[in-house]
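Engineer: Sharing a structure with you now.
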């Protein structure tokens, strides 16, 4: 098969080359390199694999991340003083979560379906009555189990999005509660989606799983992302747990980091 040549400029999507590259934008072009919207940089002569940009690849990553999350959550929930367990997803394509011009949010849809599938599995396993109630509340409203923050949300007029942003950025204490103080209902929000490193200075002590969908960015961005989950966790009463070792699960980079 002969080579094909494309004339692309800053701001163009790589989807014209391959549909699996939808959401990947050219952010900068130098004399011998191209920088993409995910922070990755490729130099003249380098290649990159399209497979890791595919929806099926990301679905596998999400499924594994959800599995790892529930393994940790179950253990943290059975402690004398429970720990609210959070997972953080870094994504490139914001529209895949918020919805594109047609209202299609395929990543959000896949996530909710995989989440419900896993909850059904967890409900078949032996567990405490309270954790079962927590799972039932999660199953009843999968949408409430996750939230996102992206830079463009700051100018969005949607009240539900504004509420998500406020809870993630400004009300971390509420995010760490298993039950809402107002009425005692379960606060099932524990899966967070963002593009790269949220807001500078943001971290959350109870992030136990970090998932990086799409391709890698710079070494500096990797350090920043991992840093979002390297704080010692707090229990349901806000007490810092400093006399134990906790593991941070990193999906996409094949290693574990000890806090």
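Numbering (the working numbering), first residue to last: 8 to 266. Using N, Cα and C, we set each Cβ at its ideal position, and we do this for glycine too.
(1) Which residue or residues does DSSP assign as beta-bridge partners of residue 155?
(2) Since residue 41 sits in a beta bridge, which residues does DSSP pair it with?
(3) Please determine, among 141, 74, 154, 198, the residue with the shortest C-alpha to C-alpha distance to residue 6.
(4) What distance in whole Å lies between the Cβ atoms of residue 96 and residue 198, which are believed to be in contact at a cut-off of 8 angstroms?
(5) Using the beta-carbon count (16 or more within 10 Å), is residue 99 buried or exposed?
(6) Flag this pair as yes or no: are the beta carbons of residue 43 and residue 33 separated by less than 8 angstroms?
(7) May I have the straight-line CA-CA distance separating residue 134 from residue 114, to the nearest angstrom?
(8) Have a look at residue 128 and residue 69 and give me their C-alpha separation to the nearest angstrom.
(9) How many angstroms separate the CA atom of residue 244 from the CA atom of residue 88?
(10) Is the CB-CB distance between residue 125 and residue 73 below 8 angstroms?
(11) According to DSSP, residue 20 sits in a beta bridge with which residue or residues?
(12) Using the C-alpha atoms, what's the distance from residue 220 back to residue 201?
(13) Going by the CB atoms, is the gap between residue 195 and residue 151 shorter than 8 angstroms?
(14) Going along the chain, which residues of its own chain have a beta-carbon closer than 8 angstroms to the beta-carbon of residue 242, five neighbours each way excluded?
Structural biologist: According to the structure shown:
(1) Within the chain shown, the letter at position 148 stands for residue 155. Bridge partners of residue 155: 200.
(2) For the purposes of this step, residue 41 is taken as the residue at position 34 of the chain shown. 36, 49, per the DSSP bridge assignment.
(3) Residue 6 lies beyond the residue range present for the chain, which begins at 8 and ends at 266; the question has no answer from this structure.
(4) Residue 198 sits at position 191 when you count from the first residue of the chain shown. Residue 96 sits at position 89 when you count from the first residue of the chain shown. Yes, they are in contact, since the Cβ atoms of residue 198 and residue 96 sit about 7 angstroms apart, within 8 angstroms.
(5) Within the chain shown, residue 99 is the residue found at index 92, counting from 1. Label assigned to residue 99: buried.
(6) Against the chain shown, residue 43 aligns to sequence position 36. Against the chain shown, residue 33 aligns to sequence position 26. Yes, Cβ-Cβ distance for residue 43 and residue 33 is below 8 angstroms.
(7) Counting from one through the chain shown, the residue named residue 134 turns up at place 127. Counting from one through the chain shown, the residue named residue 114 turns up at place 107. If I take the Cα positions, the gap works out to 30 angstroms.
(8) For the purposes of this step, residue 128 is taken as the residue at position 121 of the chain shown. For the purposes of this step, residue 69 is taken as the residue at position 62 of the chain shown. Taking the straight line joining both Cα atoms gives about 16 angstroms.
(9) As a working mapping, residue 244 is identified with position 237 in the chain shown. As a working mapping, residue 88 is identified with position 81 in the chain shown. Distance between the alpha carbons of residue 244 and residue 88: 8 angstroms.
(10) Taking the chain shown and counting its residues from 1, the one referred to as residue 125 is at position 118. Taking the chain shown and counting its residues from 1, the one referred to as residue 73 is at position 66. Yes.
(11) What you label residue 20 is simply residue 13 of the chain shown in a count that begins at 1. Answer is 32.
(12) On the chain shown, residue 201 is found 194 positions in, with the first residue counted as 1. On the chain shown, residue 220 is found 213 positions in, with the first residue counted as 1. Whole-angstrom Cα-Cα distance: 11 angstroms.
(13) In the chain shown, counting from the first residue as 1, residue 151 sits at position 144. In the chain shown, counting from the first residue as 1, residue 195 sits at position 188. Closer than 8 angstroms, so yes.
(14) Counting from one through the chain shown, the residue named residue 242 turns up at place 235. Cβ within range, chain order: 86, 88, 89, 90, 248.
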